[in-house]
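Quick note, the sequence shown lines up with residues 1 to 399 if you use my numbering.
Each residue gets a CB set at the ideal place from its N, CA and C atoms; glycine is no exception.
From a predicted model like this one, the values you see are computed outputs, not experimental measurements.
Notes follow once the structure below has been shown.
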Amino acid sequence: MLFSNLKLAAMTNGSPYGLIEDGAVLVEKGRIVWAGRASEAPQDEKTDCGGRLLTPGLIDCHTHIVYGGNRANEFEMRLNGASYAEIAKAGGGIVSTVRATREAGEAELFRSAATRLQSLLAEGVTTIEIKSGYGLDVETELKMLRTARQLGESHAVDVVTSFLGAHAFPPEYRDDHAAYVDLVCNRSLPAAARDQLADAVDGFCEGIAFSVADTDRVFAVAKQLGLPVKLHAEQLSNLGGAILAARYGALSVDHIEYLDEDGVAAIARSGTVAVLLPGAFYYLKEKQHPPVAALRAHKVPIAVATDLNPGSSPVHSLLTTMNMACVLFSLTPEEALRGVTANAARALGFKDRGVIASGMKADLVLWNVDRPGDLAYPLGFNPCAAVIRNGEIVRGGIR
């Protein structure tokens, strides 16, 4: 199938957006076999795309969409002056979602997460990362990861799972943090790996969460199990978590508002992606910006994600997140689009998606816009015309 009469934002290097004004893409057996100028296209059955814009399928590389309960009350608390740390210390925050998630059945978790997922799929998301981390005991962590796998099996999206047992300390271990780290390292994480439920291992390295030493222990076990790592790092303070993550060759470090020059240099050397999460920055009313200029100077790839979660980023739109990244963090529209395609793929360890080129997975989105920069421009507007996954139209239409 030759998709023709389109503007092609291939997101390859060499020109802004990898843009070809009169482009075409040839797809066979779920893969892109050719992409370029329409005048040079191989002969094949054509699908006329009506002059629309074609991009790679969008990738949301950091989400927490599987959870129980609701934390809208914390939104009100924050507006009345409570900080994220104060809410957490009062028994709210992550721990309140833990209680609700432990109580929820697997079917209930699936139904609620599927509703959240639909809003992302409607915007052209074809790959999504989903974390555990609201169980904080062996069985609930596995329950969350099983639910994430089921979402991928039942929806037109590739789901990548991250084990996030090192997210917070549950109430029963409030006074014995070392024992909980033992549980994660000796039981929860090995069980997730044994059942092939985890594609990567994440952690939350912060003053209100896990220390650098705790995180090091978890990452050492991940390495033994052959699982790549990533880290919530330097969100509220600079503990040096990003430098630790770089030592392990982490796929990504996420949030990073307080990342310093040494941390930027470390992740540049390790090839680690910087994942910016403007939704959390916005909802928490933070003032410290991630070091975008330093990331650019060190040529660190920058990704952007929703961080969809019930407490600090209930953002159900990757397009809105792109706009936030531009307005709040001064990314260019091209950087924002690259952040949810090519660099988001890299943040998940993929080499077969995120750009439109020969050999890549044929996950594509057709948009009712004139220019690729238009995707990050509006708020509350979804111009997605069609979603193509593995070469097949799974949402919307072309004609």
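Short of 8 Å from the beta carbon of L54, and not among the five residues preceding or following it, lie these beta carbons of its own chain, in chain order: F3, L6, K7, L8, A9, G23, V25, I356, L364, V365, L366, W367. Around the beta carbon of V66, 16 or more other beta carbons sit within 10 angstroms, so the residue counts as buried.
Nearest to R353 by alpha-carbon distance, out of T127, L276, T272, is T127. D158 and V304 have their C-alpha atoms spaced approximately 18 Å apart. Residue R116 holds the alpha-carbon nearest to the alpha-carbon of A148 among E172, R174, R116. Between A250 and A266, the gap from beta carbon to beta carbon reaches 8 Å or more. Collapsing the DSSP output to three states places P171 in a helix. For L79, the closest alpha carbon among the candidates N343, S312, F381, L318 is that of S312. Going by C-alpha positions, V300 is about 18 Å away from Y17. Per DSSP, E76 has no beta bridge partner at all. Comparing C-alpha distances from E141 to each of S119, D202, L121, Q118 shows the shortest one belongs to D202.
Between the alpha carbons of H232 and S39 lies a gap of roughly 46 Å.
8 Å or more divides the Cβ of M1 from the Cβ of T63. Taking each of S211, D370, L379, P383 in turn and checking the Cα distance to G51, the smallest one comes out for D370. Excluding the 5 residues flanking it on each side, Y282 has same chain C-beta neighbours closer than 7 Å at M324, L328, in chain order. Taking 8 Å as the cut-off, the Cβ atoms of D60 and L318 count as close. Sorting T215, E153, Q196 by C-alpha distance to the C-alpha of A166 places T215 at the top.
Counted as a single uninterrupted DSSP element, the alpha helix (DSSP H) harbouring V264 occupies residues 261–270. One thing to note: F163 has its Cβ within 8 Å of the Cβ of S132. From the listed residues G124, Q118, A90, G14, the smallest Cα separation to P56 is found for G124. Nearest to G105 by alpha-carbon distance, out of R146, E76, I94, is R146. Per DSSP, V212 is one residue of the alpha helix (DSSP H) stretching across 212–224.
Our two residues, D262 and I243, have alpha carbons roughly 8 Å apart in a direct line. Between A222 and L197, the gap from beta carbon to beta carbon reaches 8 Å or more. It is roughly 44 Å from the alpha-carbon of K361 to the alpha-carbon of Y173. Note: I20 is bridge-paired with L8 in the DSSP secondary-structure output. The alpha carbon of K89 has as its nearest neighbour, out of P171, E139, Y134, the alpha carbon of P171. Taking C-beta separations shorter than 7 Å and ignoring five residues to either side along the sequence, the partners of E335 in its chain run I302, following chain order. Take L19, set aside five residues on each side of it, and the residues of its chain with a beta-carbon closer than 6 Å to its own are A9, in chain order.
In this structure, DSSP gives S162 an extended state, which the three-state scheme calls strand. In this structure, DSSP gives I256 a state outside helix and strand, which the three-state scheme calls coil. Counting the other CB atoms within 10 Å of its CB gives S96 a total of 16 or more, which places it among the buried residues. No Cβ-Cβ contact shorter than 8 Å links Y84 with G91. Counted as a single uninterrupted DSSP element, the alpha helix (DSSP H) harbouring H177 occupies residues 177–183.
Counting every other CB atom within 10 Å of its CB across the protein chains shown gives E257 a total of 16 or more, marking it as buried. A100 and S112 have their C-alpha atoms roughly 12 Å apart.
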